[in-house]
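Protein chains: 4
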Amino acid sequence: MHTRTNTVKIGQTLIGDGHFALIAGPCSIENKEILSETSKSVQNSGANLLRGGIFKLRTSPNSFQGLGSEAFEAVRLAKEETGLPFISEVTDPRQISDLMPLLDAFQVGSRNMHNYELLKELGKTDKPIILKRGFSGLIKEWILAAEYITSAGNDQVILCERGIRTFETATRNTFDINAIAYVKENCSFPIIADPSHGTGKTSLVKPISLAAIAAGADGLMIEVHPQPAQALSDGFQTLNFNEFQSLVHHVKQMLPLFSKTLEA
Amino acid sequence: MHTRTNTVKIGQTLIGDGHFALIAGPCSIENKEILSETSKSVQNSGANLLRGGIFKLRTSPNSFQGLGSEAFEAVRLAKEETGLPFISEVTDPRQISDLMPLLDAFQVGSRNMHNYELLKELGKTDKPIILKRGFSGLIKEWILAAEYITSAGNDQVILCERGIRTFETATRNTFDINAIAYVKENCSFPIIADPSHGTGKTSLVKPISLAAIAAGADGLMIEVHPQPAQALSDGFQTLNFNEFQSLVHHVKQMLPLFSKTLEA
Amino acid sequence: MHTRTNTVKIGQTLIGDGHFALIAGPCSIENKEILSETSKSVQNSGANLLRGGIFKLRTSPNSFQGLGSEAFEAVRLAKEETGLPFISEVTDPRQISDLMPLLDAFQVGSRNMHNYELLKELGKTDKPIILKRGFSGLIKEWILAAEYITSAGNDQVILCERGIRTFETATRNTFDINAIAYVKENCSFPIIADPSHGTGKTSLVKPISLAAIAAGADGLMIEVHPQPAQALSDGFQTLNFNEFQSLVHHVKQMLPLFSKTLEA
Amino acid sequence: MHTRTNTVKIGQTLIGDGHFALIAGPCSIENKEILSETSKSVQNSGANLLRGGIFKLRTSPNSFQGLGSEAFEAVRLAKEETGLPFISEVTDPRQISDLMPLLDAFQVGSRNMHNYELLKELGKTDKPIILKRGFSGLIKEWILAAEYITSAGNDQVILCERGIRTFETATRNTFDINAIAYVKENCSFPIIADPSHGTGKTSLVKPISLAAIAAGADGLMIEVHPQPAQALSDGFQTLNFNEFQSLVHHVKQMLPLFSKTLEA
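Residue numbers (our numbering), protein chains in the order written: chain C, 1 to 264; chain U, 1 to 264; chain G, 1 to 264; chain R, 1 to 264.
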C-alpha cells in the first residue's frame with residue numbers, strides 16, 4: 001500500500017521494500033548473562049536483529065552510563081550464539097574505530113540527530129546507520145541530517161521514529177505516527193518505529209507497534225529484558241519475554257496485509 | 001486485543017465494544033445536492049453514520065462560516081434518502097434547541113473542548129456527544145471535560161482524537177496515536193479517530209486511519225467531498241469518492257484482526 | 001521606544017499610548033469581605049483597575065466554579081468603596097445581559113479565545129474587551145480573534161498575554177515575552193501581561209512583570225489575595241498585599257524609562 | 001532584586017553577582033576585515049566580550065559551515081586590536097586542543113546541550129563554558145547538563161537562554177523569559193540571554209534584551225554585522241552597528257535599576 005523504498009542490509013538481514021526488521025534487546029547491556037538470555041529469547045520469538053546499549057546518554061551525570069568497552073565481550077557472545085547482527089548506539093566520533101569490528105550497524109540516538117560532526121564521521125564508514133529522530137527534530141531537519149551521512153558517501157541510512165516532545169504528559173513522548181506515513185511518501189529511506197521510547201509505557205508498546213506497521217513502518221525496535229522491573233534503565237517501557245512473544249504473534253498477523261515479510 | 005468499552009447508540013447504530021463507527025461526509029454543508037450525492041456515495045461504500053458542518057468555527061471572521069439554519073433542509077433530505085443518522089457540530093448553547101430535532105448526535109469541536117458552559121448544557125440532553133480533543137488539550141483534561149457532560153446526566157459520550165498542536169509543520173497537526181491506546185486502557189468511553197484533521201493531507205488519511213484501528217480505535221470520522229479541490233473548506237485533507245471507497249476496502253481487511261465489525 | 005497604540009477607556013481609566021493599566025484582585029471572588037479588603041489594599045498600592053472572578057472555568061467539574069450571580073453584590077460594594085472600574089470574565093453569551101450593568105469591561109479567558117460565538121456577541125456591546133491569548137493560540141489567530149470583536153462593531157479591544165503551553169514543566173505556562181514585542185510592532189491594540197498565569201509561581205511574578213514592561217506592555221493583570229495559601233483557586237501564583245506593594249514600587253521605577261505613566 | 005550568583009571570569013571580564021556581560025560579534029566569521037571592523041565597533045559601543053562562529057552547525061549539509069581553522073588568524077587579530085576576550089562555539093571534542101590557545105571561553109550550542117561526551121571533555125579544561133539551552137531542553141535537563149561539566153571538575157559555567165521550540169511560528173523561537181527568573185531563583189550559575197536566536201527578528205532584539213535584564217539576566221549575547229543583509233548566516237536577526245549602539249544606550253539606562261554594572 002505504500003511507496004517503494006531503498007533496501008538496507010545489516011549483516012545478512014535485508015530491510016525495506018517489503019523486508020521487515022524486528023530489532024530487540026535490552027536498553028543497556030548489564031552483563032553477559034542477561035544479554036545472552038535475552039538475545040536467544042527474542043530470536044526464538046522472531047527477532048531478526050539484536051540491540052543493546054553500550055554507551056548510554058543519560059540526563060543526569062549520576063545515572064548509569066553504560067558498561068562501555070566492558071560490554072564488548074557480551075556482544076561478541078550474543079552474536080556467536082545467535083548468528084544475528086548486532087546494533088548499538090555511538091555517542092562520540094572517537095568511539096567509531098573501536099566499535100567498527102564489533103557492530104553490524106551504528107545507531108545515532110535522539111540526542112545526537114543534530115550532532116553533525118558525528119554524522120559526517122559516520123558517513124565515511126561503510127556500516128548501515130539507524131538515525132533516530134531528535135525528540136524535537138522537524139521531519140525536514142531529520143531528512144537533512146540523513147543527508148549529512150549520505151553526502152559523506154554512505155547511503156545505508158534507516159530512519160527511526162521514537163516520539164517527539166510535546167505538551168502531553170500522560171505518555172513519555174508523543175509517537176508521531178504521521179511521520180511514518182509522511183516519510184514513506186516523501187523519501188526513500190526505510191523507516192522503523194521505536195514504540196518503547198515513543199510511549200514510555202510497557203502497556204502501550206503493542207498497540208503502537210501495530211499502528212506503526214499500519215502506517216507503513218519497515219520495522220520495529222523494541223526494548224526487552226528478562227525482568228523489566230530490575231532493569232538498570234527504561235524498565236517502565238520494556239517488555240518481558242512473554243510480552244515480546246505476544247507482540248510478535250500480532251505483528252505476524254498484520255504483515256501480510258501490508259505485503260511485508262519477517263525473515264529469520 | 002483491547003479493554004471492553006461502553007457502547008453508545010447513535011440512531012440505530014451501535015458504537016464501542018466491537019461495533020465500529022464509520023462516519024463520513026463533507027466538512028461544510030454547501031448545498032442540498034452535494035450533501036445528498038456525498039451521503040449516498042459514502043453509504044454505498046460502507047459508512048454507517050453521516051456528518052456535515054452547519055455552523056463552522058473559522059480562524060478568520062472573513063472565512064465561510066457555514067450555512068447555519070439554511071442547511072437544515074439538506075440534512076433532512078440526506079437522512080431521508082439514506083436512513084442513516086446525522087452528526088453535526090454545535091458551537092453555542094443557544095443552538096441546541098434548534099438542532100435537537102434535526103441531529104442524532106452533537107459534535108463538540110476541538111476549539112470548544114474547554115467550553116464548559118456548552119458541555120454542561122449538552123449534558124442535560126439525551127443525545128450522544130462526540131467530544132473532540134482540544135488541539136492542545138491534555139488527555140487528562142479531555143477526560144475531565146467528558147465528565148462535565150456525564151456529571152450533568154448524559155453518559156453517551158464518544159471521544160474523538162483529531163491531532164494536537166506541536167512544533168512539527170510538515171503536517172497540519174500531530175495525530176496522537178498514543179492517545180487512542182491510552183484512552184482504551186484508562187477509561188471506558190469509546191474513542192474514534194479523525195485522520196482528516198489529524199494529518200491535514202489527503203494522502204495521509206488512509207495510513208493514519210489504519211494505524212488508528214491498530215491502536216484500538218472504535219471508529220473513524222472522514223471528510224469526503226465529490227470534488228475536494230472545489231470544497232469551501234478543508235479540501236486539502238478531504239477524500240473523493242474513490243479514495244473513500246479504497247479506504248473502506250482496507251478498513252474492512254483490518255477490522256477482523258481486532259475483533260471489530262462494521263455494521264450497515 | 002515602541003510604536004503608538006490605540007487607547008481604550010475602561011470606566012475613566014485610559015489604557016495605551018503611554019497610559020499604563022495596573023489591574024489587580026483575587027482570582028475568584030470568595031466573599032464580600034475578602035473582595036473589599038483586597039480592592040482597598042491594591043488601590044492604596046497603586047492599582048487603577050479591579051478584577052475578580054465571578055464565573056470560573058475549571059478543568060474539573062468538581063472544582064470550585066465561582067459564586068456566579070451571588071458575587072454581584074460584592075462587586076457593587078468594591079466599586080462603590082474604591083471608585084475603580086471592575087473587570088471580570090464572561091464565559092457564555094447568555095451571561096452578557098446580566099453582567100452588562102455590573103462590569104466596566106469584559107474579560108475573555110484563555111479557554112475561550114477560539115469561542116467565536118462569544119466574541120461575536122461581545123462585539124455587539126459597547127464595553128471594552130480584554131482578550132486573553134489562548135494557551136495554544138498562534139499570535140496570528142489571536143489577532144484574528146480580536147477581529148471577530150471589531151468586525152462586529154466594537155473596537156475597544158485589549159490583548160492580554162498569559163503564557164502558552166509548551167514542553168516545559170518547571171513553570172505552569174511559558175510566558176511568551178516575544179508576543180508582547182511582536183504585537184507592539186505589528187498591530188495597534190494595547191497589550192497587557194498576566195504574569196500570574198504566565199508563570200504559575202508567586203516568586204516569578206515580579207521579574208516577569210518587569211520584563212513585560214521592558215518588552216513594551218501597556219499594563220499588568222495581577223492576582224492578589226490577603227492569604228494566598230487559603231485562596232480557593234490559584235493560590236500558588238497569587239501575591240499577598242505586601243508582595244503586591246513591592247511589585248508596584250519596582251513598576252513605578254521602570255515606567256519612566258518607557259515613557260509610561262500609572263495614573264490613579 | 002535577585003539572588004546572589006557565582007562569578008565567572010572570562011579573560012579579565014567578570015560575569016555574575018552584579019557584573020554584566022555584553023558579548024557581541026558576527027554569527028559566522030567570514031573574513032579578517034569584517035571581524036576586525038565589527039569587533040572594534042562593538043567595543044566602542046560598550047561590548048566587553050567578543051564572539052564569532054568558527055565551526056557552524058547548519059541544518060543542511062549544503063549551507064555555509066564556517067571557515068574552521070582558517071578563521072583562527074582573524075580571531076587573533078581581533079583580540080590583539082581590542083584587547084577583549086573571545087568566545088566561540090566548539091562542536092566536537094576533537095576541536096578542543098586546537099581551540100584551547102585561541103579562545104577565552106568555549107560556547108556549547110543549542111544542538112549540543114545533550115551531547116554529554118562533549119560536555120565531559122570540556123569539564124576537564126580550565127576554560128569557562130557558556131552552555132546554551134537546547135531548543136527543546138527542559139530547564140531541569142539544562143541544569144543537569146551543566147553538572148556534566150562541573151562534575152568533571154570545571155565549575156566555570158554560564159547558562160545562556162536562547163529560545164525554545166514551540167507551536168508559535170511568528171517568531172523563530174519562543175524566548176523563555178521565565179527560564180531567566182527561574183534559574184536566578186533556583187541555581188547559582190550566571191545566566192545570560194541570546195535574544196538574536198530567541199526571537200529571530202532584528203526588530204525584536206532590543207525589547208527582548210531589555211526584558212531579559214528586567215527578569216534578572218547577567219548578560220546578553222548579540223549578533224552584530226556591518227551589513228546584516230549580506231551576512232552569510234542569520235542576517236535576519238542581526239543588528240547593524242547603529243542598532244547595537246542604540247541597544248547599549250538603553251541597556252545602560254536599565255542596569256542601575258537592577259544593581260548591575262557594565263565594565264569595560
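C-beta atoms are modelled at their ideal positions from N, C-alpha and C, and glycine is treated no differently.
1. Which ranges does the beta strand (DSSP E) cover as unbroken runs of at least 3 residues, wholly within the segment 20-60 of chain R, from first to last along the chain?
2. Which class does Ser-246(G) belong to by DSSP, given the choice of helix, strand or coil?
3. Could you tell me which chain G residues have their CB closer than 7 Å to the CB of Thr-166(C), listed as they occur along the chain?
4. Per DSSP, Met-221(C) is paired with what?
5. From the DSSP output, read off the bridge partner residues of Glu-89(U).
6. Just to confirm, is the Cβ distance from Ala-152(U) to Gly-123(U) under 8 Å?
7. Would you verify that the beta carbon of Thr-174(U) is, or is not, closer than 8 Å to some beta carbon of chain G?
8. Indicate whether at least one CB of chain U lies closer than 8 Å to the CB of Phe-258(R).
9. Tell me whether the beta-carbon of Gly-137(R) lies closer than 8 Å to the beta-carbon of Ala-181(R).
10. Output, in chain order, the set of chain U residues within a Cβ distance shorter than 9 Å of Leu-351(G).
11. Do you know offhand how far Asn-112(G)'s Cα is from Phe-167(C)'s?
12. Counting pairs of beta carbons, one from the segment 126-141 of chain C and one from the segment 36-56 of chain R, are three or more of them closer than 8 Å?
13. Could you list the residues in the segment 139-151 of chain C with a C-beta less than 7 Å from some C-beta on chain R, going in chain order?
14. Of all the options Gly-235(R), Ala-264(R), Thr-199(R) and Ile-192(R), which has the alpha carbon lying nearest to the alpha carbon of Asn-6(R)?
15. Using a Cβ cut-off of 8 Å (strictly closer), state whether Leu-57(C) contacts chain R.
16. Quick one: Cα of Val-75(C) to Cα of Phe-86(C), how far?
17. Ignore the nearest five residues each way along the sequence and tell me which others in Asp-267(G)'s own chain have a CB closer than 7 Å to its CB.
18. With burial defined as no fewer than 16 other Cβ atoms inside 10 Å of the residue's Cβ, what is the status of Ala-229(U): buried or exposed?
19. If we count Cβ pairs, one from each stretch, closer than 8 Å, do we get three or more for the segment 222-240 of chain C versus the segment 24-34 of chain C?
20. If you follow the alpha helix (DSSP H) that Thr-202(G) is part of, which residue opens it and which one closes it?
21. Run through the segment 154-186 of chain R for me and flag every whole alpha helix (DSSP H) of 4 or more residues, listed as ranges in chain order.
22. Enumerated in chain order, which unbroken segments of the beta strand (DSSP E) with a length of 3 residues or greater are wholly contained in the segment 94-143 of chain R?
23. Mapping DSSP to helix, strand and coil, what is Leu-232(C)?
24. So, with DSSP's three-state summary, where would you put Thr-238(R)?
25. Short of 8 Å in beta carbon distance, which residues of its chain neighbour Met-1(C), apart from the five on each side in sequence? Order them along the chain.
26. Run through the DSSP bridge pairs and tell me what Lys-9(G) is partnered with.
27. Go ahead and pull the three-state DSSP assignment for Leu-255(U).
28. Nearest-angstrom Cα distance between Gln-12(G) and Thr-38(G)?
29. When the distance is taken between beta carbons, is Leu-232(U) closer than 8 Å to Ala-214(C)?
30. Where does Ala-145(C) fall in DSSP's three states?
31. So what's Leu-262(C) in DSSP terms, helix, strand or just coil?
32. If you drop the 5 nearest sequence neighbours on each side, which residues of the same chain put their C-beta closer than 8 Å to that of Phe-64(C)?
33. Report yes if the C-beta distance between Gly-198(G) and Asn-173(G) is below 8 Å; otherwise report no.
34. Could you tell me whether the Cβ of Pro-61(R) comes closer than 8 Å to any Cβ of chain C?
35. Does Tyr-182(G) come within less than 8 Å of chain U when only Cβ atoms are used?
36. Are the beta-carbon atoms of Gln-156(C) and Val-8(C) separated by less than 8 Å?
Reading from the atomic positions:
1. 21-25 and 49-51
2. What you label residue 246(G) is simply residue 246 of the third sequence in a count that begins at 1. If DSSP states are grouped into helix, strand and coil, Ser-246(G) belongs with the helices.
3. Here the question's residue 166(C) lines up with position 166 in the first sequence. Going along chain G in sequence order, the residues near Thr-166(C) (Cβ under 7 Å) are Phe-167.
4. As a position in the first sequence, residue 221(C) is number 221, starting the count at 1. Paired residue(s): Ile-23(C).
5. Along the second sequence, one-based indexing puts residue 89(U) at 89. Paired residues: Gln-107(U).
6. Taking the second sequence and counting its residues from 1, the one referred to as residue 152(U) is at position 152. Taking the second sequence and counting its residues from 1, the one referred to as residue 123(U) is at position 123. Yes.
7. In the second sequence, counting from the first residue as 1, residue 174(U) sits at position 174. Answer no: the Cβ-Cβ gap between Thr-174(U) and chain G never drops below 8 Å.
8. Here residue 258(R) refers to the residue found at position 258 of the fourth sequence. Chain U contact via Cβ: absent.
9. Position 137 of the fourth sequence, counting from 1, holds the residue named residue 137(R). Position 181 of the fourth sequence, counting from 1, holds the residue named residue 181(R). Not closer than 8 Å, so no.
10. The displayed coordinates of chain G run from 1 to 264. Any statement about residue 351(G) would go beyond what the structure contains.
11. Residue mapping note: residue 112(G) aligns to position 112 of the third sequence, counting from 1. Residue mapping note: residue 167(C) aligns to position 167 of the first sequence, counting from 1. Straight-line Cα distance between these residues: approximately 19 Å.
12. no
13. Glu-141, Leu-144, Glu-147, Tyr-148 and Ser-151
14. Within the fourth sequence, the letter at position 6 stands for residue 6(R). The candidate whose alpha carbon is nearest that of Asn-6(R) is Ile-192(R).
15. Locating residue 57(C) in the first sequence gives position 57, where the first residue counts as 1. So yes, Leu-57(C) belongs to the interface.
16. Along the first sequence, read from residue 1 onward, the residue named residue 75(C) stands at position 75. Along the first sequence, read from residue 1 onward, the residue named residue 86(C) stands at position 86. Going from the Cα of Val-75(C) to the Cα of Phe-86(C) covers about 8 Å.
17. Residue 267(G) is absent from the structure shown; chain G starts at 1 and stops at 264.
18. Translated into the one-based positions of the second sequence, residue 229(U) becomes position 229. So Ala-229(U) ends up on the exposed side.
19. yes
20. Residue 202(G) sits at position 202 when you count from the first residue of the third sequence. Its alpha helix (DSSP H) spans residues 202-215.
21. 177-186
22. 105-108 and 129-132
23. In the first sequence, residue 232(C) corresponds to position 232, counting from 1. If DSSP states are grouped into helix, strand and coil, Leu-232(C) belongs with coil.
24. Taking the first residue of the fourth sequence as 1, we reach residue 238(R) at position 238. Coil at Thr-238(R), not helix or strand.
25. Within the first sequence, residue 1(C) is the residue found at index 1, counting from 1. Interpretation of Met-1(C) is limited by its pLDDT of 41, a score under 50 that renders its predicted location unreliable; the figure taken from the coordinates is listed afterwards. Result list for Met-1(C): Gly-216, Phe-258 and Ser-259, in chain order.
26. For the purposes of this step, residue 9(G) is taken as residue 9 along the third sequence, with counting starting at 1. According to DSSP, Lys-9(G) bridges with Leu-14(G).
27. Here residue 255(U) refers to the residue found at position 255 of the second sequence. Here Leu-255(U) sits in helix by DSSP.
28. For this step, residue 12(G) is matched to residue 12 along the third sequence. For this step, residue 38(G) is matched to residue 38 along the third sequence. Each residue's Cα considered, the two are about 21 Å apart.
29. Numbered from its first residue, the first sequence carries residue 214(C) at position 214. Numbered from its first residue, the second sequence carries residue 232(U) at position 232. Not closer than 8 Å, so no.
30. Taking the first residue of the first sequence as 1, we reach residue 145(C) at position 145. DSSP places Ala-145(C) in helix when its eight states are reduced to three.
31. Residue numbering aside, residue 262(C) sits at position 262 when the first sequence is read from its first letter. Correct three-state label for Leu-262(C): strand.
32. Position 64 of the first sequence, counting from 1, holds the residue named residue 64(C). Once the five neighbours on either side are set aside, the close Cβ partners of Phe-64(C) are Ser-28, Lys-56, Arg-58, Leu-232 and Ser-233.
33. Translated into the one-based positions of the third sequence, residue 198(G) becomes position 198. Translated into the one-based positions of the third sequence, residue 173(G) becomes position 173. Yes; because the gap between Cβ atoms is below 8 Å, this pair is in contact.
34. Reading the fourth sequence from its first residue, position 61 is the one you call residue 61(R). Chain C, which has a Cβ nearer than 8 Å to the Cβ of Pro-61(R), makes this yes.
35. Taking the first residue of the third sequence as position 1, residue 182(G) is located at position 182. Not closer than 8 Å to any Cβ of chain U, the Cβ of Tyr-182(G) fails to qualify, so no.
36. Taking the first residue of the first sequence as position 1, residue 156(C) is located at position 156. Taking the first residue of the first sequence as position 1, residue 8(C) is located at position 8. In contact: Gln-156(C) and Val-8(C) (Cβ atoms closer than 8 Å).
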